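Comments concern the structure below.
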Amino acid sequence: MQGTRIVRVGGGEADNRLLEAALLGAGYADVRRLTASEAISQLEGRRVDLLLLDLMQPNNDVVRVLQAAAPGGGGRTRASTIVTGPALAPERIQKCLQYGAEDYLITPFEANNPLLITRRVQLALQRRMLNDATIRLRARLEPEDTAVLEVYTNAAGRFVPREFLDNLGRKTLADVRLGDHVQREMTVFFCDIRDFTALSEGMSPQENFNFLNSYLRQVTPVIRSNHGFVDKYIGDGIMALFPRSSSDALEAAVELQRQVVVYNRGRAMAGYTPVRIGIGLHTGDLILGTIGEEERMQTTVISDAVNVASRIEGLTKTFGVSLLVSGSVVAGLPDAHDHLLRHLGAVKAKGKTHSVEIFECYDNDPDEAIAHKRRTSEAFLAAMSEFRKGYFLTAGRLFARVAELDSTDTAAAYFRDRCTLSAVRERGRTQWDGAEVVEVK
4 MQGTRIVRVG GGEADNRLLE AALLGAGYAD VRRLTASEAI SQLEGRRVDL
54 LLLDLMQPNN DVVRVLQAAA PGGGGRTRAS TIVTGPALAP ERIQKCLQYG
104 AEDYLITPFE ANNPLLITRR VQLALQRRML NDATIRLRAR LEPEDTAVLE
154 VYTNAAGRFV PREFLDNLGR KTLADVRLGD HVQREMTVFF CDIRDFTALS
204 EGMSPQENFN FLNSYLRQVT PVIRSNHGFV DKYIGDGIMA LFPRSSSDAL
254 EAAVELQRQV VVYNRGRAMA GYTPVRIGIG LHTGDLILGT IGEEERMQTT
304 VISDAVNVAS RIEGLTKTFG VSLLVSGSVV AGLPDAHDHL LRHLGAVKAK
354 GKTHSVEIFE CYDNDPDEAI AHKRRTSEAF LAAMSEFRKG YFLTAGRLFA
404 RVAELDSTDT AAAYFRDRCT LSAVRERGRT QWDGAEVVEV K
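Each residue of the sequence shown is one higher than the one before, starting from 4 at the first, in our numbering.
Shown next, in the form of structure tokens:
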């Protein structure tokens with residue numbers, strides 16, 4: 004800690020005294036209070052290791068100091084930066100993080116817990132040392148030695164998607180900082196194996212792992228080949244993100260269904276039960292970032308769009324179909340797309356106030372089912388119109404006619420049953436807004 008240069012800009016007198024006492028007690032002797040202009044001069048001269056910047060100052064001063072602390076030549080940061088400020092200023096904290104700050108501390112500081120300060124300072128300095136050491140190592144490596152870094156980068160990519168780092172603007176895991184985040188519009192893709200619990204009951208733990216890995220090896224490349232990336236595996240489920248377009252996501256979903264058919268042929272030859280899947284897609288704004296604490300971080304996606312996509316995937320069980328997409332996915336498709344879609348109205352999860360328009364994609368249905376859905380498209384549309392108006396008796400009759408023409412049309416049968424007298428009574432006397440309330444598990 005000897006020789007570590009720490010600069011404090013701004014902040015109240017009481018907080019600054021607590022800060023200096025905590026740092027001095029932890030062995031950091033060189034702590035200076037400077038104005039914004041003085042700090043900029045020190046930063047440009049690379050005479051600062053850590054900057055503690057209070058954000059409750061004129062915006063122009065905060066931005067100027069953050070820019071002076073930003074990476075210089077060769078990618079080396081001029082200083083690690085921690086911003087401080089009240090918890091009631093999340094917008095300003097987020098803006099500072101966007102300008103390059105690594106971390107933040109909430110003020111006023113707790114006099115009885117200096118470790119909250121010193122631990123964050125210690126970890127910020129460690130990240131700086133690791134980053135600078137990595138840069139120096141790259142500069143010294145002979146061309147043949149760069150394979151060492153390549154192996155590290157490739158190994159890390161097996162656990163943290165390369166696309167995640169790209170979206171965060173980071174080259175390696177060593178560059179990732181707690182609180183890194185970026186907001187993007189993406190299509191969220193959820194896929195789940197139907198009745199996996201029953202399927203796995205007769206298998207040993209080793210057989211379960213072998214089964215899942217064989218299945219995932221078959222289907223995951225389909226996601227990558229359509230410009231998506233897997234965010235995480237959730238047991239037998241897959242959550243993937245498609246940053247380019249909803250069209251990529253729907254193409255991947257349709258192709259993945261076909262790949263499962265191929266996979267099931269192999270399972271049938273080996274005497275195994277075929278696999279059935281459900282897929283749900285939704286497009287919306289989301290935040291990719293890192294959460295946790297300095298000793299244990301993980302990348303994650305935070306957004307209601309993720310919850311909606313998961314619920315839509317769950318609705319495939321309710322409607323007895325294999326692929327459902329939201330209205331926002333359909334809106335992102337090109338006008339000349341050739342996907343086969345059937346509008347299933349609007350639904351909202353139990354306890355939610357906002358509804359979501361959903362569509363069944365039946366590209367991979369058997370030929371007879373495709374022909375049936377095409378023939379009855381106008382009748383189904385008319386039935387859905389009556390249903391949304393609350394004319395359940397008329398809608399029920401129309402849905403019943405469609406369902407009678409093909410016993411495999413589970414969606415028509417579902418809406419037929421939701422128009423019965425008992426179902427209408429179940430809804431109660433609440434005002435009908437045209438959206439079916441569904442409890443998704």
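For glycine and all other residues, C-beta sits at the position ideal for the given N, C-alpha and C. All figures in this text were calculated on a predicted structure; none of them were measured in a lab.
7 Å Cβ cutoff met for leucine 326 and cysteine 364: Yes. Within cutoff.
Glycine 77 in three-state terms, based on DSSP: Legend: pLDDT at glycine 77 = 45, less than 50; position of this residue unreliable, value from coordinates given subsequently. Residue state, collapsed to three classes: helix.
Reduced DSSP secondary structure (H/G/I, E/B, other) of histidine 340: DSSP places histidine 340 in coil when its eight states are reduced to three.
At least 3 beta-carbon pairs within less than 8 Å: the stretch 352-361 vs the stretch 388-408: Per the Cβ contact rule, the stretch 352-361 is not in contact with the stretch 388-408 (fewer than 3 Cβ pairs under 8 Å).
Residues of its chain near tryptophan 435, where Cβ-Cβ distance is below 7 Å and the 5 sequence neighbours each way are ignored: Here tryptophan 435 has Gly393 as same chain residues with Cβ atoms under 7 Å from its own Cβ, once five neighbours each way along the sequence are excluded.
According to DSSP, residues forming a beta bridge with leucine 3: Coverage of the chain is limited to positions 4 through 444, which leaves residue 3 absent and any answer about it impossible.
Three-state class that DSSP yields for lysine 355 in the structure shown: Coil at lysine 355, not helix or strand.
Through-space distance from histidine 285 to valine 66, alpha-carbon basis: Cα-Cα distance, rounded: 36 Å.
Short Cβ contact (7 Å threshold) for lysine 349 with glutamate 360: Lysine is not the amino acid found at residue 349; the sequence shown has alanine there. Yes, Cβ-Cβ distance for alanine 349 and glutamate 360 is below 7 Å.
CB contact flag (isoleucine 96, glutamine 186, <7 Å): Result no, Cβ atoms of isoleucine 96 and glutamine 186 do not sit closer than 7 Å.
Pick from Val257, Leu215, Arg261 that is closest to aspartate 239, judged by C-alpha positions: Comparing Cα-Cα distances from aspartate 239 to each of Val257, Leu215, Arg261, the minimum goes to Leu215.
Tyrosine 446 classed as buried or exposed, judged by whether at least 16 other C-beta atoms fall within 10 angstroms: The structure shown has nothing for residue 446, since the chain only spans 4 to 444.
Alanine 414 vs leucine 347 beta-carbon contact at 7 Å: Result yes, Cβ atoms of alanine 414 and leucine 347 sit closer than 7 Å.
Neighbourhood of arginine 50 by C-beta, 8 Å cutoff - its chain only, sequence neighbours within 5 removed: Answer for arginine 50: Arg8, listed in chain order.
Outcome for glutamate 147 when other beta-carbon atoms lying within 10 angstroms are tallied against a minimum of 16: Note that glutamate 147 scores a pLDDT of 48, beneath 50, so its modelled location is shaky and nothing firm can be said.
Top-ranked residue by Cα proximity to phenylalanine 199, from Ser250, Pro277, Val34, Arg220: Looking only at Ser250, Pro277, Val34, Arg220, the smallest Cα-Cα distance to phenylalanine 199 is reached by Pro277.
Through-space distance from alanine 255 to alanine 426, alpha-carbon basis: Here the C-alpha atom of alanine 426 lies approximately 36 Å from the C-alpha atom of alanine 255.
Rounded Cβ spacing between glycine 13 and aspartate 57 (contact assumed at less than 8 Å): Indeed they touch by this definition, with Cβ atoms about 3 Å apart.
Rounded straight-line distance, which links the Cα of proline 61 to that of leucine 126: Cα to Cα, leucine 126 sits roughly 28 Å from proline 61.
Distance, asparagine 63 Cα to threonine 121 Cα: Distance between the alpha carbons of threonine 121 and asparagine 63 is about 28 Å.
Start and end residues, beta strand (DSSP E) containing glutamate 188: Start and end: 184-196.
Sequence ranges, alpha helix (DSSP H) only - wholly within the stretch 197-228, length at least 4: If we require 4 residues or more, the alpha helix (DSSP H) runs fully inside the stretch 197-228 come out as 199-204, 208-228.
Inter-stretch contact at 8 Å, needing at least 3 Cβ pairs: the stretch 318-325 / the stretch 239-248: Flag = no, the stretch 318-325 and the stretch 239-248 do not touch.
Same chain, Cβ closer than 8 Å to threonine 433, neighbours up to 5 away in sequence not counted: Answer for threonine 433: no residue qualifies.
Cβ-Cβ distance between arginine 279 and arginine 220 below 7 Å: Remark: C-beta atoms of arginine 279 and arginine 220 do not approach each other more closely than 7 Å.
Helix, strand or coil at threonine 110 according to DSSP, with G and I counted as helix: Coil, per DSSP.
Those runs of the alpha helix (DSSP H) which lie wholly inside the stretch 245-300 and span at least 4 residues: Note on the stretch 245-300: whole alpha helix (DSSP H) runs with a minimum of 4 residues are 249-272, in chain order.
Whole-Å CB distance - proline 111 paired with aspartate 18, under 8 Å assumed: A Cβ-Cβ distance of about 6 Å is found for the pair proline 111 and aspartate 18, placing them in contact under the 8 Å criterion.
Alanine 382 versus valine 265 - alpha carbon distance: Cα-Cα distance, rounded: 34 Å.
C-beta atoms of leucine 69 and glycine 103 nearer than 7 Å: In this structure, glycine 103 lies closer than 7 Å to leucine 69 by Cβ.
Inter-residue Cα distance where the pair is arginine 404 and histidine 230: If you draw a straight line from the Cα of arginine 404 to the Cα of histidine 230, it comes to about 41 Å.
Same chain, Cβ closer than 8 Å to valine 441, neighbours up to 5 away in sequence not counted: Leaving aside the five residues that flank valine 441 on each side, the residues in its chain whose CB is nearer than 8 Å to its CB run, in chain order, Leu318, Thr321, Val350, Lys351, Ala352, Lys353.
Top-ranked residue by Cα proximity to arginine 421, from Leu401, Leu408, Thr411: Residue Leu401 is the option with its Cα nearest to arginine 421.
Residue from Val257, Leu22, Arg131 whose Cα sits closest to the Cα of arginine 35: Ranking Val257, Leu22, Arg131 by Cα distance to arginine 35 puts Leu22 first.
Cysteine 99 (DSSP reduced to helix, strand or coil): For cysteine 99, the secondary structure class from DSSP, reduced to helix, strand or coil, is helix.
Bridge-paired residues (DSSP) for phenylalanine 232: DSSP output for phenylalanine 232 lists Leu244 as bridge partner(s).
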